[in-house]
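In the numbering used here, the protein residues as written are 580 to 995.
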């Protein structure tokens, strides 16, 4: 039996939970807000003003196991909506995301003694939300399972500090990668020290672990790809007509951690009217900053996932030249909609590239190589439909069923 915690529960968390339920291994799931079909929260979430609740909607099978601790997260959501940014400021704000993680972590720790008496053998927690529960778990002799969604902080910080020196104009977009406090970094280190099993989604994250952690048990389980709802929607893609610009899509937070500065530099080197850069994501700086860096991109704001997939279908190629990731799920989403890739190994998606068939792998910090690959697509428009099909086929081999099976079966094998 395992007890799991995460304050927001994104798609990979939900997949792991489903796996534990299927194997009758889940004791409790702790989160901040949870909505289930037919509940008051479910009805409230249908009102636009409370749309955030829709993201916290869970399958009914999880309801008996779910324990909610909403105060901190509700405070964070409200403070953000009414513009009280001081209350949500990184690490310092009373309702900051760090406080949300820490509060939930302490709640889980307080439940572990009773959980152990009822047969719980392991605690499954995520980076930044594991210290208190792991500390208590060690006292009780429980296994500590640590899900690390992005490269270990030492690797990430080193790469981000190098970026701040290499492209100082983009430093403000690097976020926590260069501004996390010593206290927060120490917390991350102590979490990893106590971990018995580490869950990662890519070889890049595994390779980022420090030497002293190399003997820990590591499970690599790649994320799943969205299932195709209508295969006919890919027929007759107008964007591949040779008389239309090649649409290159970037999707993600608009910062240099994801290599947007290098993509802008590549587009300037390319300097062709028959290539259009489409950028969808959240601003990490004022819009005039991006326009000063490269004026001729089409900006698309964030949107619900179905609309993201629809935008992808209007594009030809997906480019994500990230410096630091875990495994960017957006790559597989793009492939599922027929977009070949131009990505770096640091996206965590090296296994998604069959060179020249599903896309191209490029080194980090290489605008010239990115420009070269975009040029290849421009000069080989007739090959794109075949690459689209290959990308879709490969993407569908990565499923959420396989993701959860790999995690659950590996945990069972390592803890028996």
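All residues carry an ideal CB built from backbone N, CA and C; glycine is no exception.
How is residue i classed by DSSP in three states: helix, strand or coil?
{"i": "residue 950", "result": "helix"}
{"i": "residue 603", "result": "coil"}
{"i": "residue 669", "result": "coil"}
{"i": "residue 830", "result": "strand"}
{"i": "residue 1026", "result": "Residue 1026 lies beyond the residue range present for the chain, which begins at 580 and ends at 995; the question has no answer from this structure."}
{"i": "residue 854", "result": "strand"}
{"i": "residue 796", "result": "strand"}
{"i": "residue 961", "result": "helix"}
{"i": "residue 757", "result": "helix"}
{"i": "residue 608", "result": "strand"}
{"i": "residue 614", "result": "strand"}
{"i": "residue 702", "result": "strand"}
{"i": "residue 819", "result": "Here residue 819 scores only 49 on pLDDT, less than 50, and its place in the model is too uncertain to base an answer on."}
{"i": "residue 663", "result": "coil"}
{"i": "residue 814", "result": "Note that residue 814 scores a pLDDT of 45, beneath 50, so its modelled location is shaky and nothing firm can be said."}
{"i": "residue 676", "result": "helix"}
Quick check on this structure: which residue in the options has the alpha carbon closest to the alpha carbon of residue i?
{"i": "residue 981", "options": "644, 591, 640", "result": "591"}
{"i": "residue 922", "options": "938, 908, 916, 689", "result": "938"}
{"i": "residue 986", "options": "931, 953, 800", "result": "800"}
{"i": "residue 755", "options": "614, 691, 834, 610", "result": "834"}
{"i": "residue 893", "options": "879, 795, 929", "result": "879"}
{"i": "residue 963", "options": "928, 992, 916", "result": "916"}
{"i": "residue 898", "options": "843, 862, 870", "result": "843"}
{"i": "residue 585", "options": "919, 625, 824, 649", "result": "649"}
{"i": "residue 705", "options": "960, 974, 895, 583", "result": "583"}
{"i": "residue 571", "options": "614, 661, 738", "result": "Since the first residue shown for the chain is 580 and the last is 995, residue 571 is missing from the structure and cannot be characterised."}
{"i": "residue 918", "options": "826, 946, 977", "result": "826"}
{"i": "residue 719", "options": "797, 693, 656", "result": "693"}
{"i": "residue 855", "options": "609, 743, 877, 789", "result": "877"}
{"i": "residue 671", "options": "661, 655, 683", "result": "655"}
{"i": "residue 734", "options": "788, 830, 863, 970", "result": "788"}
{"i": "residue 695", "options": "863, 790, 596, 722", "result": "722"}
{"i": "residue 965", "options": "667, 896, 802", "result": "896"}
{"i": "residue 798", "options": "587, 990, 596", "result": "990"}
{"i": "residue 836", "options": "688, 881, 749, 945", "result": "749"}
{"i": "residue 860", "options": "830, 956, 640, 868", "result": "830"}
Starting from residue i, follow the alpha helix (DSSP H) in both directions and report where the run begins and ends.
{"i": "residue 982", "result": "979 to 994"}
{"i": "residue 656", "result": "650 to 660"}
{"i": "residue 645", "result": "No alpha helix (DSSP H) contains residue 645, which is instead part of the beta strand (DSSP E) from 645 to 647."}
{"i": "residue 940", "result": "From DSSP, residue 940 is part of no alpha helix (DSSP H) but of the beta strand (DSSP E) over 938 to 940."}
{"i": "residue 839", "result": "839 to 849"}
{"i": "residue 734", "result": "732 to 745"}
{"i": "residue 784", "result": "782 to 787"}
{"i": "residue 903", "result": "First-last for residue 903: undefined, no H or E at that position."}
{"i": "residue 726", "result": "Run containing residue 726: none in the alpha helix (DSSP H); it sits in the beta strand (DSSP E), 722 to 726."}
{"i": "residue 887", "result": "884 to 891"}
Can you give the Cα-Cα distance for residue i and residue j, rounded to whole angstroms?
{"i": "residue 594", "j": "residue 979", "result": "6 Å"}
{"i": "residue 857", "j": "residue 631", "result": "26 Å"}
{"i": "residue 958", "j": "residue 832", "result": "30 Å"}
{"i": "residue 780", "j": "residue 768", "result": "19 Å"}
{"i": "residue 604", "j": "residue 581", "result": "6 Å"}
{"i": "residue 818", "j": "residue 772", "result": "The predicted position of residue 818 is uncertain, since its pLDDT is 45 and thus under 50; a value taken from the coordinates is nonetheless stated next. If I take the Cα positions, the gap works out to 50 Å."}
{"i": "residue 598", "j": "residue 612", "result": "21 Å"}
{"i": "residue 866", "j": "residue 839", "result": "14 Å"}
{"i": "residue 622", "j": "residue 638", "result": "15 Å"}
{"i": "residue 686", "j": "residue 708", "result": "11 Å"}
{"i": "residue 912", "j": "residue 804", "result": "6 Å"}
{"i": "residue 930", "j": "residue 914", "result": "13 Å"}
{"i": "residue 725", "j": "residue 777", "result": "5 Å"}
{"i": "residue 823", "j": "residue 853", "result": "7 Å"}
{"i": "residue 992", "j": "residue 873", "result": "51 Å"}
{"i": "residue 600", "j": "residue 870", "result": "48 Å"}
{"i": "residue 814", "j": "residue 968", "result": "Since pLDDT at residue 814 reaches only 45, below the 50 mark, its modelled position is unreliable, and the value read off the structure follows with that caveat. Distance between the alpha carbons of residue 814 and residue 968 is about 11 Å."}
{"i": "residue 690", "j": "residue 742", "result": "42 Å"}
{"i": "residue 602", "j": "residue 758", "result": "41 Å"}
{"i": "residue 975", "j": "residue 807", "result": "8 Å"}
{"i": "residue 653", "j": "residue 664", "result": "14 Å"}
{"i": "residue 643", "j": "residue 752", "result": "41 Å"}
{"i": "residue 920", "j": "residue 934", "result": "10 Å"}
{"i": "residue 667", "j": "residue 792", "result": "33 Å"}
{"i": "residue 862", "j": "residue 881", "result": "10 Å"}
{"i": "residue 684", "j": "residue 626", "result": "30 Å"}
{"i": "residue 635", "j": "residue 651", "result": "15 Å"}
Within 7 Å (strictly less), CB to CB, does residue i reach chain B?
{"i": "residue 716", "result": "The structure shown contains no chain B; it holds only a single protein chain."}
Could you give the first and the last residue of the continuous beta strand (DSSP E) run that contains residue i?
{"i": "residue 584", "result": "581 to 584"}
{"i": "residue 879", "result": "876 to 879"}
{"i": "residue 932", "result": "No beta strand (DSSP E) contains residue 932, which DSSP labels as neither H nor E."}
{"i": "residue 777", "result": "776 to 779"}
Specify whether the segment 713 to 731 and the segment 765 to 785 touch according to this definition: at least 3 beta carbon pairs, one from each stretch, less than 8 Å apart.
-> As far as the Cβ criterion goes, the segment 713 to 731 touches the segment 765 to 785, which means the pair count is three or higher.
Okay, do the segment 845 to 852 and the segment 949 to 963 touch, 3+ Cβ pairs below 8 Å being the bar?
-> Yes: at least three Cβ pairs fall under 8 Å.
Three or more C-beta pairs closer than 8 Å, one from the segment 663 to 678 and one from the segment 752 to 763: is that the case here?
-> Output reads yes: the segment 752 to 763 touches the segment 663 to 678.
Three or more C-beta pairs closer than 8 Å, one from the segment 919 to 935 and one from the segment 900 to 907: is that the case here?
-> Flag = yes, the segment 919 to 935 and the segment 900 to 907 touch.
At a cut of 8 Å, does the segment 883 to 890 reach the segment 931 to 945 through at least three beta carbon pairs?
-> For the pair of segments examined, the segment 883 to 890 was found not to touch the segment 931 to 945: the number of CB pairs separated by less than 8 Å stays below three.
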